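Engineer: The listed protein sequences derive, respectively, from chains A and B. Heads up: the first sequence runs through residues 0 to 358, numbered per numbering that gives the first Met the number 0. Heads up: the second sequence runs through residues 0 to 358, numbered per numbering that gives the first Met the number 0. I have a structure I would like to understand better, so I am pasting it below and will then ask my questions one at a time.
Number of protein chains: 2
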Amino acid sequence: MKDAQLRTISKVNIEVLKDFCSNALVKLGVPKESADIVSDHLVWADLMGISSHGVTRLGIYVKRIQAGLTNARPNIHIIRETPSMAILDGDNGLGQVVGVKAVELAIEKASKVGVGVVGVRHTTHFGCAGYYALKAIEKDMIGVVMSNAPSTMAPWGARVPYLGTNPIAFGVPTKEFPPILLDMATSIVARGKIILAAKEGKTIPEGWAVDPEGEFTTDPESALKGAVLPFGGPKGSGIALMIDIFSGILSGAEFGSHIGSLYDDFSKPQNVGNFIIVFNIESFCPVNEFKERIELMRREIKGLPKAKGVDEILLPGELEFRRYIENKKNGIQLSPEVIKELKEIGEELSLTFHLEGES
Amino acid sequence: MKDAQLRTISKVNIEVLKDFCSNALVKLGVPKESADIVSDHLVWADLMGISSHGVTRLGIYVKRIQAGLTNARPNIHIIRETPSMAILDGDNGLGQVVGVKAVELAIEKASKVGVGVVGVRHTTHFGCAGYYALKAIEKDMIGVVMSNAPSTMAPWGARVPYLGTNPIAFGVPTKEFPPILLDMATSIVARGKIILAAKEGKTIPEGWAVDPEGEFTTDPESALKGAVLPFGGPKGSGIALMIDIFSGILSGAEFGSHIGSLYDDFSKPQNVGNFIIVFNIESFCPVNEFKERIELMRREIKGLPKAKGVDEILLPGELEFRRYIENKKNGIQLSPEVIKELKEIGEELSLTFHLEGES
Chain A
0 MKDAQLRTIS KVNIEVLKDF CSNALVKLGV PKESADIVSD HLVWADLMGI
50 SSHGVTRLGI YVKRIQAGLT NARPNIHIIR ETPSMAILDG DNGLGQVVGV
100 KAVELAIEKA SKVGVGVVGV RHTTHFGCAG YYALKAIEKD MIGVVMSNAP
150 STMAPWGARV PYLGTNPIAF GVPTKEFPPI LLDMATSIVA RGKIILAAKE
200 GKTIPEGWAV DPEGEFTTDP ESALKGAVLP FGGPKGSGIA LMIDIFSGIL
250 SGAEFGSHIG SLYDDFSKPQ NVGNFIIVFN IESFCPVNEF KERIELMRRE
300 IKGLPKAKGV DEILLPGELE FRRYIENKKN GIQLSPEVIK ELKEIGEELS
350 LTFHLEGES
Chain B
0 MKDAQLRTIS KVNIEVLKDF CSNALVKLGV PKESADIVSD HLVWADLMGI
50 SSHGVTRLGI YVKRIQAGLT NARPNIHIIR ETPSMAILDG DNGLGQVVGV
100 KAVELAIEKA SKVGVGVVGV RHTTHFGCAG YYALKAIEKD MIGVVMSNAP
150 STMAPWGARV PYLGTNPIAF GVPTKEFPPI LLDMATSIVA RGKIILAAKE
200 GKTIPEGWAV DPEGEFTTDP ESALKGAVLP FGGPKGSGIA LMIDIFSGIL
250 SGAEFGSHIG SLYDDFSKPQ NVGNFIIVFN IESFCPVNEF KERIELMRRE
300 IKGLPKAKGV DEILLPGELE FRRYIENKKN GIQLSPEVIK ELKEIGEELS
350 LTFHLEGES
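Here it is, written out as structure tokens:
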């Protein structure tokens with residue numbers, strides 16, 4: 000029965016899924032245009048195969064709007080501004096709505112003076128950083144997008160969480176599809192993978208996390224009580240710290256352990272911070288020349304002798320865009336758990352979530 | 000005898016060392032002001048304990064000027080410019096001279112419009128990225144400094160070098176000394192450490208490098224014939240790639256394996272590229288507020304429960320600035336090999352390099 004459901008939804012439901020997510024938010028008072036941005040983002044993440052940031056997030060967004068912690072109709076406004084930068088106050092709006100406004104503002108500034116920087120305060124979970132970098136790519140610009148996040152990661156040398164798994168994305172336009180899109184958390188591994196291992200009773204590789212005593216652990220239960228670790232040791236920890244300094248401290252949002260948890264803290268808005276930098280390639284060099292050079296680099300890298308056990312050398316984002324094409328054609332595969340979540344949201348908001356073939 | 004030399008030079012010779020380096024370059028036609036920049040940089044690196052980028056580099060700089068590959072009197076000029084960005088052509092000048100001009104230009108732009116970005120082409124080995132980030136710190140600005148480098152590192156999935164160990168530095172001003180200065184190569188480890196292990200007949204940890212067949216090796220000799228690996232696996236590899244896209248492709252310098260080797264390629268100038276971003280804090284938020292928040296973050300991080308075996312949680316740059324203070328007081332320790340190098344340069348250029356106590 001599960002398999003039948005999976006197959007059914009896999010076939011067709013991208014538009015149905017988008018409409019459902021959008022309608023759910025509209026029911027809560029979110030303007031249609033804003034709701035469409037969030038639903039486009041969530042479905043995009045699922046299409047890219049980043050299901051941890053896909054429609055499975057709709058439920059918590061709904062809950063936080065209902066709790067009055069996320070603002071359905073925020074007054075997103077500029078606090079400070081120069082020709083090349085701005086500080087944007089997201090008024091606790093949905094992270095995707097604020098994020099798209101922020102990257103559009105950065106693009107506008109970059110198109111005028113070559114570089115546009117927007118720091119964002121008072122925002123909430125914004126999903127995949129790469130989504131916003133892609134907006135810059137579409138304008139033949141390079142986008143760098145960062146966000147801080149609730150505390151789950153121990154800085155190098157510590158044994159308890161302080162930093163978030165602060166993501167950073169770099170988007171680079173190319174002559175040929177796909178663009179180069181590096182979208183990464185600064186933890187070794189997503190916390191979700193540790194939760195999954197715990198559920199399945201498996202061990203985790205050493206080096207992923209520490210237990211509450213600060214010792215490396217392969218027991219996922221101990222790991223979840225301890226902290227995940229930054230990628231790349233002290234270097235990755237330093238990069239996560241810098242993302243927090245830009246997104247939190249420089250942008251005037253919260254930082255470190257002061258950021259509100261998305262799932263566990265219903266006492267206050269999150270006050271997440273973002274930091275976006277957009278470079279207008281045409282200001283630096285002719286766009287065509289840039290793209291020709293990128294293609295040369297891509298051909299050269301993909302043609303290098305491969306390491307043992309490697310079938311193909313992949314550039315950042317290549318795998319995700321391949322999944323995107325495939326899922327766009329064949330439909331998104333949603334797990335039974337996610338389908339259940341969506342049906343529950345539908346029931347609560349008096350919206351039907353139909354799988355194809357269901358009546 | 001070696002120990003006596005070390006002790007002697009340790010005591011006094013910071014100014015002597017600076018003058019010697021500067022005079023050597025002046026002998027080759029480098030203007031005094033430019034020579035002073037390079038010598039200040041080299042001695043700073045030694046003071047910070049980053050001896051791999053200290054006065055030991057003088058010899059190769061001298062050789063490349065003598066070979067006509069590095070330009071003693073470059074015409075450093077702006078190719079493109081907007082209020083917030085510029086492309087600077089270094090005319091194959093000494094990397095430090097070009098780098099300081101570039102960061103000063105970025106600072107000037109940031110002070111006017113909040114953000115200043117400078118891409119550099121036709122430059123040469125510029126030493127420590129952190130040195131330039133510190134120039135931004137001194138103006139209460141945040142500096143991000145990147146450079147590409149000759150090919151020694153395999154991109155993720157490859158078994159031969161293509162990327163350099165492309166460094167990136169982030170400099171953040173603080174209320175109290177020391178500032179936060181993250182200055183890192185994007186390789187797991189400096190190639191110099193593998194060379195040292197080979198000299199000493201030691202093995203290297205698995206994961207540092209691959210042999211020419213692309214397999215992890217603990218044999219330093221095989222590693223040197225293979226390639227060093229990026230820090231943090233595919234994520235670090237992606238960051239190294241992005242640094243090359245900014246420094247090489249966007250700035251109009253060489254990239255990937257096209258960059259000339261500092262030591263091994265005397266057929267052409269290096270054509271290294273740099274990329275510098277400076278953020279004027281005052282444009283984003285009041286500087287005092289920024290610094291208070293940074294101090295709070297620092298206190299909180301340093302006060303976290305420590306991981307097993309960790310004596311103190313260190314912020315990026317903390318250890319280096321501690322060494323700086325110590326070396327400034329006690330003098331720099333130079334190895335007998337470096338002293339020999341400097342004496343040889345002195346002989347060739349008819350300059351005496353006196354250790355204290357020598358006649």
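Ideal Cβ positions, reconstructed from N, Cα and C, are used throughout, including at glycine. Remember, it's a predicted structure, so these values are computed and weren't measured experimentally.
Measuring alpha carbon to alpha carbon, tell me which of B:Val227, B:Thr202, B:Ala197 ends up nearest Asp210 (chain B).
Structural biologist: Taking the first residue of the second sequence as 1, we reach residue 210 (chain B) at position 211. The shortest C-alpha to C-alpha distance from Asp210 (chain B) to any of B:Val227, B:Thr202, B:Ala197 is the one to B:Val227.
Engineer: Could you tell me the alpha carbon to alpha carbon distance between Lys100 (chain A) and Ile179 (chain B), rounded to whole angstroms?
Structural biologist: By 1-based counting over the first sequence, the position of residue 100 (chain A) is 101. By 1-based counting over the second sequence, the position of residue 179 (chain B) is 180. Roughly 31 Å separates the two Cα atoms.
Engineer: Does Thr351 (chain A) come within less than 9 Å of chain B when only Cβ atoms are used?
Structural biologist: Start at 1 with the first residue of the first sequence, and residue 351 (chain A) comes out as number 352. Chain B contact via Cβ: absent.
Engineer: Assign Ser266 (chain A) to one of two classes, buried (16 or more other C-beta atoms within 10 Å of its C-beta) or exposed (fewer than that).
Structural biologist: As a position in the first sequence, residue 266 (chain A) is number 267, starting the count at 1. Result: exposed.
Engineer: My understanding is that Ile258 (chain B) touches Asn91 (chain B), with C-beta atoms under 8 Å, so please give their C-beta distance in whole angstroms.
Structural biologist: For the purposes of this step, residue 258 (chain B) is taken as the residue at position 259 of the second sequence. For the purposes of this step, residue 91 (chain B) is taken as the residue at position 92 of the second sequence. Rounded, the Cβ-Cβ distance is 13 Å, inconsistent with contact.
Engineer: Near Pro363 (chain B), what residues of its chain come up, given a Cβ to Cβ distance below 8 Å and the 5 sequence neighbours on each side ignored?
Structural biologist: This structure does not reach residue 363 (chain B), given that chain B is present from 0 up to 358, and the question cannot be answered.
Engineer: May I have the straight-line CA-CA distance separating Leu318 (chain B) from Gly206 (chain B), to the nearest angstrom?
Structural biologist: On the second sequence, position 319 is the one that residue 318 (chain B) refers to. On the second sequence, position 207 is the one that residue 206 (chain B) refers to. If you draw a straight line from the Cα of Leu318 (chain B) to the Cα of Gly206 (chain B), it comes to about 25 Å.
Engineer: Report the residue from A:Gly316, A:Asp88, A:Lys62, A:Trp155 whose alpha carbon sits nearest the alpha carbon of Val309 (chain B).
Structural biologist: Here the question's residue 309 (chain B) lines up with position 310 in the second sequence. Considering only alpha carbons, the answer is A:Trp155.
Engineer: Considering Cα atoms alone, identify which of A:Phe320, A:Met241, A:Gly89, A:Ser256 is closest to Pro160 (chain A).
Structural biologist: Numbered from 1 along the first sequence, position 161 holds the residue referred to as residue 160 (chain A). It is A:Ser256 whose Cα lies nearest to the Cα of Pro160 (chain A).
Engineer: Are Ala222 (chain A) and Ile193 (chain A) close, meaning C-beta to C-beta below 9 Å?
Structural biologist: Here residue 222 (chain A) corresponds to residue number 223 of the first sequence, with the count starting at 1. Here residue 193 (chain A) corresponds to residue number 194 of the first sequence, with the count starting at 1. Going by C-beta atoms, Ala222 (chain A) is nearer than 9 Å to Ile193 (chain A).
Engineer: For chain A, is any of its Cβ atoms less than 9 Å away from the one on Arg79 (chain B)?
Structural biologist: Numbered from its first residue, the second sequence carries residue 79 (chain B) at position 80. At a cut-off of 9 Å, the C-beta of Arg79 (chain B) has a neighbouring C-beta in chain A.
Engineer: How big is the Cα-Cα spacing for Ile242 (chain A) and Gly142 (chain B)?
Structural biologist: Position 243 of the first sequence, counted from the first residue, corresponds to residue 242 (chain A). Position 143 of the second sequence, counted from the first residue, corresponds to residue 142 (chain B). Ile242 (chain A) and Gly142 (chain B): Cα-Cα distance of roughly 13 Å.
Engineer: Flag Lys100 (chain B) as yes if its beta-carbon sits less than 9 Å from any beta-carbon of chain A, otherwise no.
Structural biologist: For the purposes of this step, residue 100 (chain B) is identified with residue 101 of the second sequence, where counting begins at 1. No, Lys100 (chain B) lies away from the interface with chain A (no Cβ there is under 9 Å from its Cβ).
Engineer: For a test of the three-state rule: what should DSSP assign to Lys267 (chain B), helix, strand or coil?
Structural biologist: Walking along the second sequence from the start, residue 267 (chain B) turns up at place 268. In the structure shown, Lys267 (chain B) falls within a coil segment according to DSSP collapsed to helix, strand and coil.
Engineer: Should Ala3 (chain A) be labelled buried (16 or more other beta-carbon atoms within 10 Å of its own) or exposed?
Structural biologist: Stepping through the first sequence from its first residue, residue 3 (chain A) is reached at position 4. For Ala3 (chain A), the predicted model reports a pLDDT of 44, less than 50, meaning its position is unreliable and no value from the coordinates is stated.
Engineer: Would you verify that the beta carbon of Val119 (chain B) is, or is not, closer than 9 Å to some beta carbon of chain A?
Structural biologist: By one-based count along the second sequence, residue 119 (chain B) stands at place 120. For Val119 (chain B), the answer is no, since every Cβ of chain A falls outside 9 Å of its Cβ.
Engineer: Find the nearest neighbour of Asn287 (chain B) within the set B:Pro204, B:Gly302, B:Pro172, B:Val277, judged by alpha-carbon distance.
Structural biologist: Looking up residue 287 (chain B) in the second sequence gives position 288. Cα-wise, what sits closest to Asn287 (chain B) is B:Pro172.
Engineer: Using Cβ-Cβ distances below 8 Å, what residues of the stretch 35-54 of chain B are close to chain A?
Structural biologist: none
Engineer: Which runs of the alpha helix (DSSP H) spanning at least 4 residues fall entirely within the stretch 276-338 of chain A, listed in chain order?
Structural biologist: Runs of the alpha helix (DSSP H) lying entirely within the stretch 276-338 of chain A and spanning at least 4 residues, in chain order: 280-283, 286-301, 317-329.
Engineer: Using a cut-off of 8 Å between C-beta atoms, extract the partners of Pro304 (chain A) located in chain B.
Structural biologist: Counted from its first residue, the first sequence places residue 304 (chain A) at position 305. Under the 8 Å cutoff, chain B gives Ala157, Arg158, Val159, Gly213.
Engineer: Hey, Ile248 (chain B) and Ala105 (chain B): beta-carbon distance below 9 Å or not?
Structural biologist: Within the second sequence, residue 248 (chain B) is the residue found at index 249, counting from 1. Within the second sequence, residue 105 (chain B) is the residue found at index 106, counting from 1. No, the Cβ-Cβ distance between Ile248 (chain B) and Ala105 (chain B) is not below 9 Å.
Engineer: Can you check whether the CB of Lys290 (chain B) is closer than 9 Å to the CB of Lys201 (chain B)?
Structural biologist: Position 202 of the second sequence, counted from the first residue, corresponds to residue 201 (chain B). Position 291 of the second sequence, counted from the first residue, corresponds to residue 290 (chain B). No. Outside cutoff.
Engineer: When the cut-off is 9 Å and only beta carbons count, does Ser246 (chain B) lie next to chain A?
Structural biologist: If you number the second sequence from 1, residue 246 (chain B) lands on position 247. Interface with chain A (9 Å Cβ-Cβ cutoff): Ser246 (chain B) is excluded.
Engineer: Using a C-beta cutoff of 9 Å, does Arg190 (chain A) count as contacting chain B?
Structural biologist: Mapped onto the first sequence, residue 190 (chain A) falls at position 191. No, Arg190 (chain A) does not count as interfacial toward chain B.
Engineer: Any Cβ of chain A within less than 9 Å of the Cβ of Cys127 (chain B)?
Structural biologist: For the purposes of this step, residue 127 (chain B) is taken as residue 128 along the second sequence, with counting starting at 1. So, not an interface residue.
Engineer: Please list, in chain order, the chain A residues whose beta carbon lies closer than 9 Å to that of Met84 (chain B).
Structural biologist: Position 85 of the second sequence, counted from the start, is the residue given in the question as residue 84 (chain B). By Cβ distance, chain A contributes Ser83, Val112, Gly113, Val114, Phe278, Asn279, Ser282, Phe283.
Engineer: Put His353 (chain A) into one of helix, strand or coil per three-state DSSP.
Structural biologist: Position 354 of the first sequence, counted from the start, is the residue given in the question as residue 353 (chain A). His353 (chain A) falls in the coil class under three-state DSSP.
Engineer: Where does Lys10 (chain B) fall in DSSP's three states?
Structural biologist: Start at 1 with the first residue of the second sequence, and residue 10 (chain B) comes out as number 11. Only weak support is given to the placement of Lys10 (chain B): the predicted model assigns it a pLDDT of 46, under 50, and the question is left unresolved by the model.
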